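2 protein chains.
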Amino acid sequence: MKNVVSLKSLAKELNISVSTVSKSLNDSEEISEQTKERVKNLAKLRGYSPNPIAVRLQKQETMQIGVVLPNIENPFFASVLKGIDEFISASKYNIITFFSNESLEREKECLDYFSKGNVDGILICIAEETNKKKTFDHIIQIRQKGIPLVLFDRIPMQPLGFDTVHVNDYDSIISAYDYLEEKKCKNIAFVSSIPTLIVGRLREDGYLSKTTKPTVIAFEKLNELQLKVQEALAEGNIDGLIAADIEATLICSSAIQKRGLTFAKQISLIGYVNAAQNDLSYPKISYIDQHPKEIGKQTAKMLLLRLESKLENIAASDIILNTTITIGETSN
Amino acid sequence: MKNVVSLKSLAKELNISVSTVSKSLNDSEEISEQTKERVKNLAKLRGYSPNPIAVRLQKQETMQIGVVLPNIENPFFASVLKGIDEFISASKYNIITFFSNESLEREKECLDYFSKGNVDGILICIAEETNKKKTFDHIIQIRQKGIPLVLFDRIPMQPLGFDTVHVNDYDSIISAYDYLEEKKCKNIAFVSSIPTLIVGRLREDGYLSKTTKPTVIAFEKLNELQLKVQEALAEGNIDGLIAADIEATLICSSAIQKRGLTFAKQISLIGYVNAAQNDLSYPKISYIDQHPKEIGKQTAKMLLLRLESKLENIAASDIILNTTITIGETSN
DNA sequence: CTGAAAGCGCTTACAG
DNA sequence: CTGAAAGCGCTTACAG
Chain A
1150 MKNVVSLKSL
1160 AKELNISVST
1170 VSKSLNDSEE
1180 ISEQTKERVK
1190 NLAKLRGYSP
1200 NPIAVRLQKQ
1210 ETMQIGVVLP
1220 NIENPFFASV
1230 LKGIDEFISA
1240 SKYNIITFFS
1250 NESLEREKEC
1260 LDYFSKGNVD
1270 GILICIAEET
1280 NKKKTFDHII
1290 QIRQKGIPLV
1300 LFDRIPMQPL
1310 GFDTVHVNDY
1320 DSIISAYDYL
1330 EEKKCKNIAF
1340 VSSIPTLIVG
1350 RLREDGYLSK
1360 TTKPTVIAFE
1370 KLNELQLKVQ
1380 EALAEGNIDG
1390 LIAADIEATL
1400 ICSSAIQKRG
1410 LTFAKQISLI
1420 GYVNAAQNDL
1430 SYPKISYIDQ
1440 HPKEIGKQTA
1450 KMLLLRLESK
1460 LENIAASDII
1470 LNTTITIGET
1480 SN
Chain B
1150 MKNVVSLKSL
1160 AKELNISVST
1170 VSKSLNDSEE
1180 ISEQTKERVK
1190 NLAKLRGYSP
1200 NPIAVRLQKQ
1210 ETMQIGVVLP
1220 NIENPFFASV
1230 LKGIDEFISA
1240 SKYNIITFFS
1250 NESLEREKEC
1260 LDYFSKGNVD
1270 GILICIAEET
1280 NKKKTFDHII
1290 QIRQKGIPLV
1300 LFDRIPMQPL
1310 GFDTVHVNDY
1320 DSIISAYDYL
1330 EEKKCKNIAF
1340 VSSIPTLIVG
1350 RLREDGYLSK
1360 TTKPTVIAFE
1370 KLNELQLKVQ
1380 EALAEGNIDG
1390 LIAADIEATL
1400 ICSSAIQKRG
1410 LTFAKQISLI
1420 GYVNAAQNDL
1430 SYPKISYIDQ
1440 HPKEIGKQTA
1450 KMLLLRLESK
1460 LENIAASDII
1470 LNTTITIGET
1480 SN
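In order, the protein sequences belong to chains A and B.
For the first sequence, the residue numbers in the numbering used here are 1150 to 1481.
For the second sequence, the residue numbers in the numbering used here are 1150 to 1481.
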C-alpha cells in the first residue's frame, strides 16, 4: 500500500529476475559487483525498503519482544521500561509493551496474544493479582510453547524455571536498618502498602530479621495506612521509619511533616522514591535506589542471550542486582 | 516454529483442502455447517491459531500502531501512554512504543522505522530538540507516504496538516492567574524550566497576557532555576507563583518551604504535578490537571477514526481539551 | 459446497 | 553469475 516499490518492480525495471534483485540487496556473494551496483542504485533511487512483514514470514521470526508491565504510571516500571528500551532498541528487535494493570485476567490475555506467534521472546513482571493468587499456569505454558521468557522484579517464591532478574530486597532493608541504627535510632518501625506483594514480604522479612520488638504498619489501603502511621507517630517513641514502597514513603514523609517533627533529629526516614522528583523535592528523602534502568537492561540482555541461543542448554539463571542507599535530608 | 499446527496440517488430518479449512475457520458462507464443525473442532483440539505474520502479509496490514514519546520517565507521558493503551488495546491494533529521548535524531529513526511498513498509523509527541529546531520534514514525509499520523501535546505553531490533540495551555494559565488574584495575590511570578518548549511558551504567553509588570523566572538548567527562584523569593514581594511544569513546580515548592514561608497565607503556588504522588505528599500542591489519560485516549481515538476511513476526505482536525484546577494546600 | 490456483513480498536452495 | 522454482502461512477470486 504505502510502499509501491517492491523487489518485483525493481526487477522489472532492470530486466532481471526477482532473485537477483533480492540477492544483490542482501549483498550475496553469488552476484557480480556490477549487478549489485545497478540494483542498489535503483533501489536507493526508488526509495525501496523491504516489506518487513514478508521478511518475517520468510525468516519465521517476528523480530518483536513482548513486555508485560503491571502499571506504567508507577515510575519504577517506567524506568525499568526505559532500561529495556535502551538495550533492545540497539538490537534488531522491537518492543511491544502491554500493561496488565495488576490484573491476572489481563495478564493472561497479554501472554496469550504474545504466545500466538506475535513475539520471539517475553519480559514480564507479574501482576499484583497474579502474585496474590499464586496462579502461574499461564506463564508456565509459555515455556511449553518454547518462547524464551524472563521474569523481573516480582519473582515467585517457587522457582518456575525461567531466567529471573531482581534486586536483593531482603538485604536492602537490612542495610537501611543498619544505617538507621548507626544514626542512633532506637525504635525503628516498618511501613508498607504492599504487604502481600513478593517484594513487600521480602522487605518485611529483612526488617523482622533485625529486631525482636518489631513495629510493622502495613495496609494496602492508602488512607488506612495514612491513619495508622499518624497514630503510631502520635505515640511518640518511634525515631526511625523504613518504608517499603513509594506510597508508604510519601505517606511517612507527610505524616512526619504534619506532625512537625524534625527529620534526622527527631525521626529518620528511609524509603523508596522516584529519584528524579525526589531530587527536586523538600525534604529530599533518603532512599533505597533499586537502579530500575539497570534492572531493565539486565532483563533485556538476558532475553537476547537466550534468543541468540548463546545459552542453549544452560539452566535458568537468577540475576540479583544490588541496591544502594542515597542519603537525603530525612536522615543524616 | 512455535506453532507447528497450521492450516496445512489441519487440512491433511481432515483430508480436505487448505482453502476449505481456511474458509471454515473464517466462518465463510460457502462452507457447510457440518464441515465447519469438523474443522473448528479439530482446530480447537490441536490448539490452532493463525500465524499473525502470514495474515498481515495477506491483508496488507500490520495491525500495529507506532507511538513516539519524548520520555517515558516523565509521568505526564506515562499517563498519556496509559490512555492510549486503554483505547487501543480494545481494538484490533497493538501499540509499539518508541522513545525519542527528546532527540531529533532518534525521533527520525523512529519515524523512519515506522514508515518502512511497520505500522498502520502513528501517534507522536515531538522531541524537545525537534521543537527547538523547528525541523518537521521527517514528519511531513509521513503524510507523503500515506500513513495516518496524529500529533499530541506539543503542537508546532505552523500547521502541518495533521490531526492534533492538546490542551488549552494559554487559557489554563489564565485560569490559574485569575484564581490566585481572587485569593488576593498581588505579585504573581511565573516560573518555568521549559521556556523554549511550545507548551511552555503558550503558558508563558497566557501569564504575560494578565499582567503589565510580569516576573518571569525561566531557565532550562534546573540548578540555575532553583537559584533564581530562591533569589526572587528572598526579595520578599512575591506572593503568588505559577509554575509551568513539574520540575519548576517542585523547585518552587521546595524553595518556599526552605525559606519557611507559609503556603496560602504568605505565598500561593499553582503548578503541574504527578497527581498520584501529589495526593500523598505534603503539602499537596494546587495544580493544573491536564488529564493526560484523556489526551491519550482522544489521540488514539482520532487515529482509529482515520484508519477506519471514517474521516476519508475530512481535513485535519484540532482537538483542544480542557484542563481543570485542583486546589491543594499551597493555595486555598 | 469444495478445491486448485494465484498471490501477499520476500528468501534460498538448486539448475543452468 | 543469473534465474526458475518452491516455500514461508495465509486468503480469496474462480472453477467445478
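Just so you know, even glycine gets a beta-carbon here, dropped at the ideal spot from N, CA and C.
The model shown is predicted, which means the values in this text are computed figures rather than measured ones.
Minimum C-alpha distance to residue 1414 (chain A) - residue among A:1405, A:1393 and A:1215: Residue numbering aside, residue 1414 (chain A) sits at position 265 when the first sequence is read from its first letter. Out of A:1405, A:1393 and A:1215, A:1405 has the C-alpha closest to the C-alpha of residue 1414 (chain A).
Pair within 8 Å by beta-carbon distance, residue 1329 (chain A) and residue 1385 (chain A): Walking along the first sequence from the start, residue 1329 (chain A) turns up at place 180. Walking along the first sequence from the start, residue 1385 (chain A) turns up at place 236. No; because the gap between Cβ atoms is not below 8 Å, this pair is not in contact.
Apart from the five residues just before and just after residue 1377 (chain B), which ones in its own chain have a Cβ nearer than 8 Å to its Cβ? As a working mapping, residue 1377 (chain B) is identified with position 228 in the second sequence. Spatial neighbours of residue 1377 (chain B) in its own chain (CB-CB distance under 8 Å, excluding positions within 5 residues in sequence) are listed in chain order as 1366 and 1368.
I need the DSSP call for residue 1269 (chain A), collapsed to helix, strand or coil. By 1-based counting over the first sequence, the position of residue 1269 (chain A) is 120. Residue 1269 (chain A): coil per DSSP, three-state reduction.
Give, in chain order, every residue of the segment 1261-1275 of chain B whose Cβ lies closer than 7 Å to some Cβ of chain A. Residues are counted here when their Cβ sits less than 7 Å from a Cβ of chain A; for the segment 1261-1275 of chain B these are 1265, 1266 and 1267, given in chain order.
Beta carbon proximity, residue 1150 (chain B) to chain A, threshold 8 Å: In the second sequence, residue 1150 (chain B) corresponds to position 1, counting from 1. Bear in mind that a pLDDT of 38 at residue 1150 (chain B), under 50, signals an unreliable position, so the number given afterwards is only what the model happens to contain. At least one beta carbon of chain A lies nearer than 8 Å to the beta carbon of residue 1150 (chain B).
Residues in the segment 1202-1231 of chain A having any Cβ partner in chain B nearer than 7 Å: Under the 7 Å Cβ criterion, the segment 1202-1231 of chain A contributes 1202, 1203, 1205, 1206, 1209, 1211, 1221, 1222, 1224, 1227, 1228, 1230 and 1231.
By how many angstroms is the C-alpha of residue 1254 (chain A) removed from the C-alpha of residue 1266 (chain A)? Here residue 1266 (chain A) corresponds to residue number 117 of the first sequence, with the count starting at 1. Here residue 1254 (chain A) corresponds to residue number 105 of the first sequence, with the count starting at 1. About 20 Å.
Can you check which of these residues, B:1242, B:1238, B:1184 and B:1219, is closest to residue 1252 (chain B) by C-alpha distance? Along the second sequence, one-based indexing puts residue 1252 (chain B) at 103. The residue with the shortest Cα to Cα distance from residue 1252 (chain B) is B:1219.
Can you find a C-beta in chain A that's less than 8 Å from the C-beta of residue 1313 (chain B)? Your numbering for residue 1313 (chain B) matches position 164 in the second sequence. Among the residues facing chain A, residue 1313 (chain B) is not included, as its CB has no counterpart in that chain under 8 Å away.
Ordered along the chain, which non-local residues of its own chain (more than five positions away) have a Cβ less than 6 Å from that of residue 1171 (chain A)? Within the first sequence, the letter at position 22 stands for residue 1171 (chain A). In the same chain as residue 1171 (chain A), and ignoring 5 residues on each side of it, the C-beta atoms closer than 6 Å to its own belong to 1156, in chain order.
Inter-residue Cα distance where the pair is residue 1217 (chain B) and residue 1288 (chain B): If you number the second sequence from 1, residue 1217 (chain B) lands on position 68. If you number the second sequence from 1, residue 1288 (chain B) lands on position 139. Computed Cα separation, rounded: 12 Å.
Let me see if you follow: with CB-CB separation under 8 Å, is residue 1396 (chain A) close to chain B or not? Within the first sequence, numbered from 1, the residue matching residue 1396 (chain A) stands at position 247. Using a CB distance cut-off of 8 Å, residue 1396 (chain A) counts as an interface residue toward chain B.
Same chain only: Cβ atoms within 6 Å of residue 1185 (chain B), ignoring 5 sequence neighbours per side: Translated into positions along the second sequence, residue 1185 (chain B) becomes position 36. The residues are 1173.
Tell me, which residues are paired with residue 1300 (chain B) by DSSP? Counting from 1 along the second sequence, the entry for residue 1300 (chain B) is found at position 151. DSSP output for residue 1300 (chain B) lists B:1273 and B:1313 as bridge partner(s).
Beta-carbon spacing of residue 1340 (chain B), residue 1393 (chain B) below 8 Å: For the purposes of this step, residue 1340 (chain B) is taken as the residue at position 191 of the second sequence. For the purposes of this step, residue 1393 (chain B) is taken as the residue at position 244 of the second sequence. Inclusion of residue 1340 (chain B) and residue 1393 (chain B) in the CB contact set at 8 Å is warranted, their separation being smaller than that value.
Of the residues A:1333, A:1229 and A:1246, which one's Cα is nearest the Cα of residue 1271 (chain A)? Position 122 of the first sequence, counted from the start, is the residue given in the question as residue 1271 (chain A). Of the listed residues, the one whose Cα sits closest to residue 1271 (chain A) is A:1246.
Can you give me the start and stop residues for the beta strand (DSSP E) that residue 1392 (chain A) sits inside? Here residue 1392 (chain A) refers to the residue found at position 243 when the first sequence is read from its first residue. First-last of the beta strand (DSSP E) with residue 1392 (chain A): 1389-1392.
Contacts around residue 1225 (chain A), its chain only, beta-carbon distance under 6 Å, and the 5 residues preceding and following it disregarded: Within the first sequence, numbered from 1, the residue matching residue 1225 (chain A) stands at position 76. The residues are 1441.
Can you pull the chain B residues whose beta carbon is under 7 Å from the beta carbon of residue 1234 (chain A), in chain order? The residue given as residue 1234 (chain A) occupies position 85 in the first sequence. Correct list: 1248.
Let me confirm a value: residue 1241 (chain B) is counted as buried when at least 16 other C-beta atoms fall within 10 Å, else exposed. Which label applies? The residue given as residue 1241 (chain B) occupies position 92 in the second sequence. So residue 1241 (chain B) ends up on the exposed side.
With the cut-off set at 8 Å, would you say residue 1456 (chain A) and residue 1201 (chain A) are in Cβ contact? Translated into the one-based positions of the first sequence, residue 1456 (chain A) becomes position 307. Translated into the one-based positions of the first sequence, residue 1201 (chain A) becomes position 52. With respect to residue 1201 (chain A), residue 1456 (chain A) sits apart: the two C-beta atoms are not nearer than 8 Å.
Identity of the residue in B:1409, B:1418 and B:1430 nearest residue 1397 (chain A) by Cα: As a working mapping, residue 1397 (chain A) is identified with position 248 in the first sequence. Answer by Cα proximity: B:1430.
Assuming residue 1467 (chain A) contacts residue 1313 (chain A) under a Cβ cut-off of 8 Å, what Cβ separation, rounded to an integer in Å, is found between them? Within the first sequence, the letter at position 318 stands for residue 1467 (chain A). Within the first sequence, the letter at position 164 stands for residue 1313 (chain A). Indeed, because the Cβ distance is near 5 Å, the residues count as touching under 8 Å.
Indicate whether residue 1419 (chain A) and residue 1410 (chain A) have their beta-carbon atoms separated by less than 8 Å. Mapped onto the first sequence, residue 1419 (chain A) falls at position 270. Mapped onto the first sequence, residue 1410 (chain A) falls at position 261. No, the Cβ-Cβ distance between residue 1419 (chain A) and residue 1410 (chain A) is not below 8 Å.
Do you know offhand how far residue 1293 (chain A)'s Cα is from residue 1319 (chain A)'s? What you label residue 1293 (chain A) is simply residue 144 of the first sequence in a count that begins at 1. What you label residue 1319 (chain A) is simply residue 170 of the first sequence in a count that begins at 1. In a straight line, the C-alpha of residue 1293 (chain A) is about 32 Å away from that of residue 1319 (chain A).
Got a sec, what are the start and stop residues for the alpha helix (DSSP H) residue 1183 (chain A) sits in? The residue labelled residue 1183 (chain A) in the question sits at position 34 within the first sequence. That run of the alpha helix (DSSP H) goes 1182-1195.
Residue 1492 (chain A) and residue 1423 (chain B) look like a contact to me (Cβ under 8 Å); what is the Cβ gap, rounded to whole Å? Only positions 1150 to 1481 of chain A appear in this structure, which leaves residue 1492 (chain A) out of reach.
With a threshold of 8 Å between beta-carbons, can residue 1371 (chain B) be considered close to chain A, or not? One-based indexing of the second sequence puts residue 1371 (chain B) at position 222. Yes, its Cβ sits closer than 8 Å to a Cβ of chain A.
Kindly indicate which three-state DSSP category residue 1291 (chain B) falls into: helix, strand or coil? Taking the second sequence and counting its residues from 1, the one referred to as residue 1291 (chain B) is at position 142. Residue state, collapsed to three classes: helix.
List, from N- to C-terminal side, the alpha helix (DSSP H) runs of 4 residues or more that fit wholly inside the segment 1370-1451 of chain B. Complete alpha helix (DSSP H) runs here, min 4: 1371-1384, 1395-1407 and 1424-1429.
Going by other Cβ atoms of all chains shown within 10 Å of its Cβ, with 16 needed for buried, is residue 1256 (chain A) buried or exposed? For this step, residue 1256 (chain A) is matched to residue 107 along the first sequence. Here residue 1256 (chain A) is buried. Its C-beta has 16 or more other C-beta atoms within 10 Å.
Evaluate residue 1472 (chain A) with the Cβ neighbour count: other Cβ atoms within 10 Å of its Cβ, from every protein chain shown; 16 or more gives buried, anything less gives exposed. Position 323 of the first sequence holds residue 1472 (chain A). Buried, because 16 or more other Cβ atoms sit within 10 Å of the Cβ of residue 1472 (chain A).
Consider the Cβ of residue 1241 (chain B): report whether some Cβ of chain A lies at a distance smaller than 8 Å. In the second sequence, counting from the first residue as 1, residue 1241 (chain B) sits at position 92. It does not; no Cβ of chain A falls within 8 Å.
Identified DSSP bridge partners for residue 1467 (chain B): As a working note, residue 1467 (chain B) is residue 318 in the second sequence. Note: residue 1467 (chain B) sits in a beta bridge opposite B:1313.
Under a Cβ-count criterion, where at least 16 other Cβ atoms within 10 Å of its own Cβ denotes burial, should residue 1282 (chain A) be classed as buried or exposed? Start at 1 with the first residue of the first sequence, and residue 1282 (chain A) comes out as number 133. Answer is exposed; the Cβ neighbour count stays below 16.
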